[in-house]
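Start counting the sequence shown at 3; every next residue gets the next number (the working numbering). All C-beta atoms in this analysis are idealised placements derived from N, C-alpha and C, irrespective of residue type, glycine included. What follows is a set of notes on a single structure, which appears directly below.
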Amino acid sequence: MNKPTFYVTTPIYYVNDVPHIGHAYTTVACDIISRYKRLSGYDVFFLTGTDEHGQKIEQAAQQKGMTPKELADSVVQRYKNLWEKLNISNNHFIRTTDESHKKTVQEVFKRMQENGDIYLDEYEGWYCTPCETYWTETQLLDGNCCPSCRRETTKLKEPSYFFNMSKYQEKLLKHIEENPDFIKPASRRNEIIAFIKEGLRNLSVSRVSFKWGIPVPGDEKHVIYVWIDALTNYISALNYFEANSELKKYWPADFHVVGKDILRFHTVYWPTMLMSLGIDLPKSIFAHGWWTVEGQKMSKSLGNAIDPNWLIEKFGVDPIRYFLMREVPFGLDGDFSFKALIHRINSDLANDLGNLLNRTLGMVKRYFNGDIPAYKVEDTVDVELFKKIEDTFDNVELHLKDLAFNKALIAIWELVSALNKYIDTTAPWALAKDKENRDRLETVLYTSMDGIRALSLLIYPFMPDTAIKIREQLNITEPVEKNSFEELKRVKQLKAGGKIGEVTPIFPRLDENEIIDNIKSENKKDEDKNNNDKAVELIDFAHFMTVQIKAGKIIEAEKVEKSEKLLKLKVDLGQETRQIIAGIAKSYLPGDLVGKTVAVVANLKPAKLMGLMSEGMVLAAAIGHKHRVLELPDEVAPGTIIK
Ligand code: MSP
């Protein structure tokens, strides 16, 4: 019998940055749903990969003195290594530099052109020459300045191919309205409907201002717009246009899982492209929320992006997978904190699940010399527990249909509690005191072990290594994957008679204070090392001149609420006054700073710190934990350039 198919995709990741916890989040989520579907009898295709073309990558490579392909190759390896460490079970890893992908993208472009949906015109935008980037009017800062380097931009035109996207506006709206599962969660769906109703504009789908991309077939001055290139990965990975493609059976995708920031590309550009190509639309596009770290947006410049490799080394892969999925409802934003992580590990994993396994197997060892007991004398508590196990499978199935990972885990942990309670009520230690109760004692321990066997299946998608370890301790050798959901949820499947495996704790308890102190001192060492490393890296004069440093007079200063480190400053820069959030509250009282003229980096990209916009940086020397700002003599007027 042919198994039903299931196709799930992650976004393909840009290679101008190394993987962080946000990327790991999407990929782990897709891995969980893939493993769950395989477990319950599906033929799954799980796709991930990298997005390697475009101006951003070209520029990042240039800055590093590498070719774009060299940069891509090195970052791709980091992604692949991380996915291996995270136990990601993808069936394929696509790169947009793969020859077969490039061929498919050109075929897509050609077919859309043949269908009369692509035409040549002119693209008009605001161009920043130093950044070699076009900006739209809404992206510009005051005075038509570049949002990246703050220099003035010029209005420029270049030839460009356009996709007649507006043609599909009504058809797309109708599809979204008739298919409530097409965009999830519902709040995001409403957002997209409102956006489409404002009116779709035609889309510029080629560029002549840079080279790093897939050439437009027949007009090689143009490269194909990176989103047309990237979105096509979902079908190029299936060799969609090849006559004998066996992978085509997986289309349409069951889920494209994406972050909320790229939902529009997936729910407007992608479906209208597919409409133009005459290809079925994906069944569902799910937008998850974003992670902050200890309350702050993760970013390269703040240096707070958490490296998942480091996390895995410190805490183990399964606790990280568990935490990411348990802590925050999929679809909402969440905050990563070490305190919360350690709390989850200690309470849910070490206490609830770990103890359940230990106490149960400990008793099997003690009372039956490690022989797996049999189900002999039934009581209503056992029947109720088996019912609870079956219900848990049903609930998990229901929640995972909606990618409600946290609800699925809550349901599973209710079963963990029910099993712990079952042991408390049946009190095997009391039964063991009387030989008369031997059969009942066996039944109780069999039921507990069978419950743990069911748990091993339920947690397998989330924590595959742990599930296998538990099964080894229970001495279950049969494969986890089943032929159907009905088979998966069947109870009393544990075979009596054999010997249990070696009993070892699966999750040791963590000491919160010790770990947090440890992390702090590691961070400090890293900071010092980074500072030293930077000192030896030579830059040329032109590079230095890209940093604009100005004299600024501090005219107001106050503490940022709920922050020990931050001060909110108002700084006079001559022509303008800026708000700067500075991490110097441990070194200065606000009053000490007012009136000082300091050195300010004036062309730093604005960033939000604790919800407050910071438009520059005050330069300071770091002496251990203390800071001393660079003070300038009073005669230096605010706005004076420092070179
Ligand atoms: N290359 C495009 C996607 C093309 S798909 C055809 C892209 N790449 S990305 O590397 O910038 O982002 C990939 C995914 O990581 C996005 O879904 C994004 O939402 C997610 N995340 C990036 N930072 C994140 C957090 N801080 N938290 C959660 N997810 C985040 O966009």
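For Thr599, report the span of its beta strand (DSSP E) as first-last.
599-603
By Cβ distance, which residues of its chain are closer than 7 Å to Leu351, with the 5 residues on each side in sequence left out?
Pro321, Tyr324, Phe509
Note down the Cα distance separating Ile502 from Leu421, rounded to an integer number of angstroms.
19 Å
Which word fits Ala537, buried or exposed, when buried means at least 16 other C-beta atoms lie within 10 angstroms of its C-beta?
The predicted position of Ala537 is uncertain, since its pLDDT is 48 and thus under 50; a value taken from the coordinates is nonetheless stated next. Flag for Ala537 reads exposed.
Quick check: Val225 and Lys213, are their CB atoms within less than 8 Å of each other?
yes
List the endpoints of the continuous beta strand (DSSP E) containing Gly127.
120-130
Looking at Leu433: is its Cβ nearer than 8 Å to the Cβ of Lys390?
no
What are the partner residues of Val631, as DSSP defines its beta bridges?
Ala622
Using a Cβ-Cβ cut-off of 6 Å (strictly less than) and excluding sequence neighbours within five positions of Ser458, which residues of its own chain qualify?
Ala469, Ile472, Arg473
Count the other CB atoms within 10 Å of the CB of Asp594; is the residue buried (16 or more) or exposed (fewer)?
exposed
What number of angstroms, rounded off, separates the C-alpha of Cys147 from the C-alpha of Lys157?
11 Å
Give me the DSSP bridge partner(s) of Asp256.
Note: Asp256 sits in no beta bridge, so no partner.
Are Glu54 and Val17 closer than 8 Å when you measure CB to CB?
yes
What do you reckon, are the CB atoms on Tyr27 and Thr52 nearer than 8 Å?
no
Return the CA-CA distance between Lys5 and Tyr462, expressed in angstroms with no decimal places.
20 Å
Are the segment 378-396 and the segment 336-351 touching by the rule of at least three beta carbon pairs closer than 8 Å?
no
Residues of its chain near Lys112, where Cβ-Cβ distance is below 7 Å and the 5 sequence neighbours each way are ignored:
Pro219
Can you find the residues in the same chain that come closer than 6 Å, C-beta to C-beta, to Glu560, ignoring five residues on each side of it along the sequence?
Lys570, Pro592
Looking at Ala601 and Leu632, is the spacing between their C-beta atoms short of 8 Å?
yes
Given a cut-off of 8 Å on the beta-carbon distance, is the pair Ile120 and Phe48 in contact?
no
Segment limits, alpha helix (DSSP H) that includes Val319
319-329
How big is the Cα-Cα spacing for Ile264 and Asp354?
38 Å
Limits of the alpha helix (DSSP H) - the one that Phe197 falls within:
188-199
Is any heavy atom in the ligand MSP found nearer than 7 Å to the beta carbon of Trp293?
yes
Flag His629 as yes when its Cβ comes closer than 7 Å to any non-hydrogen atom of the ligand COA, and as no otherwise.
The model on display carries the ligand MSP but not the ligand COA.
Distance between Asp467 and Phe8 (C-alpha atoms, nearest Å):
23 Å
Taking 7 Å as the cut-off, is the beta-carbon of Leu78 closer than that to any non-hydrogen atom of the ligand MSP?
According to the sequence displayed, residue 78 carries Val and not Leu. No - the ligand MSP has no heavy atom lying nearer than 7 Å to the Cβ of Val78.
Over the uninterrupted beta strand (DSSP E) stretch that includes Arg580, give me the two end residues.
579-584
Where does Ser278 fall in DSSP's three states?
helix
Of the choices Pro273, Thr155, Pro21, whose alpha-carbon is the least far from that of Met167?
Pro273
Can you give the Cα-Cα distance for Phe267 and Ala289, rounded to whole angstroms?
11 Å
Can you grab the Cα-Cα spacing for the pair Gly95 / Leu88, in whole Å?
Sequence check: residue 95 is Phe here, not Gly. Cα-Cα distance, rounded: 15 Å.
Would you list, in sequence order, the uninterrupted alpha helix (DSSP H) runs of no fewer than 4 residues that lie entirely inside the segment 341-426?
357-370, 382-403
Drop a sphere of 10 angstroms on the beta-carbon of Glu124, count the other beta-carbons inside from all chains shown, and report buried for 16 or more, exposed for fewer.
exposed
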